[in-house]
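Single-structure report; data block below.
Residue numbers (the working numbering): 126 to 522.
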């Protein structure tokens, strides 16, 4: 006998519907299809690379005993760079492999310089090796991928991923630049151009200053003395006045030559070092400047000169643009770096872009593996830090 249900008892809750199953993800996503496309095109690109590598190397090496052999080999290696560029683009598009382009061959030394640079180009030779190794690999990947696409499609994504990963390793290993060495060569070539341009600009500035300043004053002085000589007998008083005027011109010419010599390399820097030289620069600034140099020894002459001119230019900017009430200069050594820091309480807003003097200063520091950091918010203060590599001064210097 069953017990009667209490009518006041709550009804049991209806059974909850089954949880919705997660939406299935497609087995063949965009990345998988790109990998499959890369593997299916491997055979064609491998054939092109293999034939080109065999023909160009065999033809150039076989004719090396003739006049045209080595130039043909060099041209073949140049073309291999183009094939490598196309393969990097294909891997970038289909495999998502980001590989930097190698730097171009240096353009100097005429025909023989080009020939030697091409024959020893590691990028081109690695591309030729890549072309030789790709033919058997291209046949395998094309065949397996095509068969799997027709009869083994459930496991094709896993097969494609394994082959594509092997392709990624091969592309990175053989078609990438020579890592740090390649990048360093490119940096040094760029820095050398900056140094050459800076030296040429400095020479033009010195020539202009000599021509427009001291030279013009000395020419006027010579003419004045010639006129004074002519008037010496007939008008001694006028001649004496002209000689007195010439004496003043001599003083001004000497001052201009001193300023010019100081701009080339100040004697106080050579004789007494950075502390005295920077104090001299600070005394000519239009605002009060505190100088603190904490160096147990003097750096190499070249580094010391660059440090001096860097601070000198920064203090000139303070005088011309900062509208500051005061500034400070600190110099110290940190490990293998020489640190310079110039502060001012001016209006701020200093920037290194837009072709400003700070941009040129940063380029000149970069040419010697240095660095320029600018912190100058609007309203100030401005803090500019420069780093230079520390090199010890040669014994006896």
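Idealized CB from N, CA, C, for every residue including glycine. All values reported here derive from a predicted model rather than from experimental measurement.
Taking C-alpha positions only, residue 253 is separated from residue 213 by approximately 14 Å. Distances from the alpha-carbon of residue 444 to those of 417, 464 and 469 put 469 closest.
In this chain, the alpha helix (DSSP H) harbouring residue 155 covers 155-165.
Taking every protein chain shown into account, the CB of residue 422 has fewer than 16 other CB atoms within 10 angstroms, so this residue is exposed.
Residue state for residue 247 is assigned as helix, using DSSP reduced to three classes. Shown here, residue 212 sits in a helix according to DSSP, grouped into three states. The alpha-carbon separation between residue 452 and residue 492 amounts to approximately 27 Å. Proximity to residue 301 across 180, 446, 349 and 249 peaks at 249, based on C-alpha coordinates. Within the model, the alpha-carbon separation for residue 379 versus residue 373 is close to 10 Å. Taking residue 455 as the centre and dropping the five residues before and after it, the same chain places the C-beta of 417 and 466 closer than 7 Å to its C-beta, in chain order.
Per DSSP, the unbroken alpha helix (DSSP H) holding residue 289 starts and ends at 281-300. As summarised for the stretch 385-422, the continuous beta strand (DSSP E) elements at least 3 residues long and confined to that stretch are 414-419, given in chain order. At least 8 Å separates the beta-carbon of residue 508 from that of residue 477. With 16 or more other Cβ atoms inside 10 Å of its own Cβ, residue 255 counts as buried.
Secondary structure note for residue 497: its beta strand (DSSP E) is the uninterrupted segment 496-500. Looking at 414, 224, 221 and 371, the one whose alpha-carbon comes closest to that of residue 440 is 414. Between residue 346 and residue 375, the C-beta spacing is below 8 Å.
With contacts defined as CB atoms closer than 8 Å, residue 201 and residue 179 fail to qualify as a contacting pair.
DSSP places residue 223 in the coil class of the three-state scheme, outside both helix and strand. Secondary-structure assignment with DSSP links residue 454 through a beta bridge to 416 and 467.
If you draw a straight line from the Cα of residue 353 to the Cα of residue 397, it is about 43 Å long. Here the C-alpha atom of residue 167 lies approximately 32 Å from the C-alpha atom of residue 239. Leaving aside the five residues that flank residue 189 on each side, the residues in its chain whose CB is nearer than 8 Å to its CB run, in chain order, 195 and 198. The DSSP-derived three-state label of residue 275 is helix.
The three-state reading of DSSP puts residue 269 in helix, counting H, G and I together. Residue 363 is classed as exposed because its beta carbon has fewer than 16 other beta carbons within 10 Å across all chains shown. Closest option to residue 244, judged by alpha-carbon separation, among 204, 175 and 299: 204. Residue 508 carries a strand assignment under DSSP once its states are collapsed to helix, strand and coil. Residue 228 sits in coil when the DSSP states are folded into three classes, being neither helix nor strand.
Counted as a single uninterrupted DSSP element, the alpha helix (DSSP H) harbouring residue 485 occupies residues 482-491. With a cutoff of 8 Å on beta-carbon distance, residue 394 and residue 429 are scored as near each other. About 7 Å separates the Cβ atoms of residue 518 and residue 426, confirming a contact at the 8 Å cut-off.
With a beta-carbon spacing of about 6 Å, residue 432 and residue 513 fall inside the 8 Å limit used to define contacts. Taking 8 Å as the cut-off, the beta carbon of residue 471 is found closer than this to the beta carbon of residue 449. In terms of Cβ geometry, residue 496 and residue 490 form a close pair [threshold 8 Å].
Residue pairing from DSSP places residue 514 in a beta bridge opposite 462.
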